[in-house]
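Notes follow once the structure below has been shown.
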Amino acid sequence: MHLYNKPFLRITGHHSLGLFSTLIPPLYLELNGERKTLFICLVNDFSENSLGVIWFSNGNGTMLDSYTYSIFKEEDGSFSTVAQMSIPSKEFESWNIVICSVAQNQNSRIWNTTSLQISEEQHMDDLCLHENQRVVEEQMLSTEILHNRTQELHLLAIRTLLFKFLMFNVLMTCCILYKR
């Protein structure tokens with residue numbers, strides 16, 4: 106599995122009293138040869154029983170399937186949670202915006218929304234590593250191993266020189282003491 110993060114997205118949003126949501130720029134992963142795009146929405150500052158709905162949209166008002174994790178209690182007594190959604194990367198290519206909407210409860214008319222505007226550059230970039238990029242990574246790894254071996258050889262050479270210097274001093278001291 107490979108994860109990649111593209112940082113050039115514009116984040117916009119507004120929040121209502123008591124809720125604050127953050128939509129993290131999408132992560133790209135390759136799992137069993139299939140490319141996926143992962144969205145994560147973090148919701149903070151709500152009371153334990155007040156959070157009712159978290160949903161994602163691609164800007165057309167539709168509700169997309171997402172998974173919401175357990176509610177976590179913060180040190181200040183407020184609560185937070187994380188919701189995630191993953192979609193095939195090919196489907197994501199047609200999107201221009203991603204929205205995470207949060208409501209106090211199912212019937213609330215007050216929503217907190219956070220959106221990511223997706224740039225044209227992002228749709229043009231390749232999201233996952235190609236085989237030739239993997240070869241480059243392996244070459245970088247072998248270069249790193251070669252560098253480590255070179256450092257080991259330098260250390261061995263220094264130790265050998267120090268040992269010879271020490272033995273020379275011991276022999277010279279013994280010769281001087283023997284002549285006396």
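Sequential numbering from 106 applies to the sequence shown in our numbering.
For glycine and all other residues, C-beta sits at the position ideal for the given N, C-alpha and C.
{"Check": "Same chain, Cβ closer than 6 Å to Glu139, five either side skipped, listed in chain order", "Outcome": "none"}
{"Check": "Ser175 beta carbon less than 7 Å from that of Cys146", "Outcome": "no"}
{"Check": "Inter-residue Cα distance where the pair is Tyr48 and Phe273", "Outcome": "The requested residue 48 is not part of the displayed model; the chain covers only 106 to 285."}
{"Check": "C-beta contact flag for Leu128 and Cys205 at 7 Å", "Outcome": "yes"}
{"Check": "Rounded separation between Asn201 and Asp150 - CA only", "Outcome": "29 Å"}
{"Check": "Boundaries of the alpha helix (DSSP H) in which Glu139 is found, first to last residue", "Outcome": "Element bounds for Glu139: not the alpha helix (DSSP H) but the beta strand (DSSP E), Glu139 to Phe151."}
{"Check": "Heavy atom of the ligand NAD within 6 Å of Glu257 beta-carbon", "Outcome": "Among the components modelled here there is no ligand, and therefore nothing to report on the ligand NAD."}
{"Check": "Leu251, DSSP secondary structure in three states", "Outcome": "helix"}
{"Check": "Where the beta strand (DSSP E) through Ser194 begins and ends", "Outcome": "Not the beta strand (DSSP E): Ser194 falls in the alpha helix (DSSP H), residues Ser194 to Phe197."}
{"Check": "Whole-angstrom C-beta distance between Ser191 and Lys143, which should lie under 8 Å", "Outcome": "It should be pointed out that residue 143 corresponds to Leu in this sequence rather than to Lys. Between Ser191 and Leu143 the Cβ distance is about 5 Å, and since that is below 8 Å, they are a contact."}
{"Check": "Limits of the unbroken beta strand (DSSP E) element including Glu135", "Outcome": "Phe125 to Leu136"}
{"Check": "Cβ-Cβ distance between Ala188 and Ser162 below 7 Å", "Outcome": "no"}
{"Check": "Residue interval of the beta strand (DSSP E) (run including Ser206)", "Outcome": "Ile202 to Ala208"}
{"Check": "Backbone secondary structure at Ile263 - three-state DSSP", "Outcome": "helix"}
{"Check": "Spatial distance of Ile159 from Glu257 (CA atoms)", "Outcome": "55 Å"}
{"Check": "Three-state class that DSSP yields for Ile176 in the structure shown", "Outcome": "coil"}
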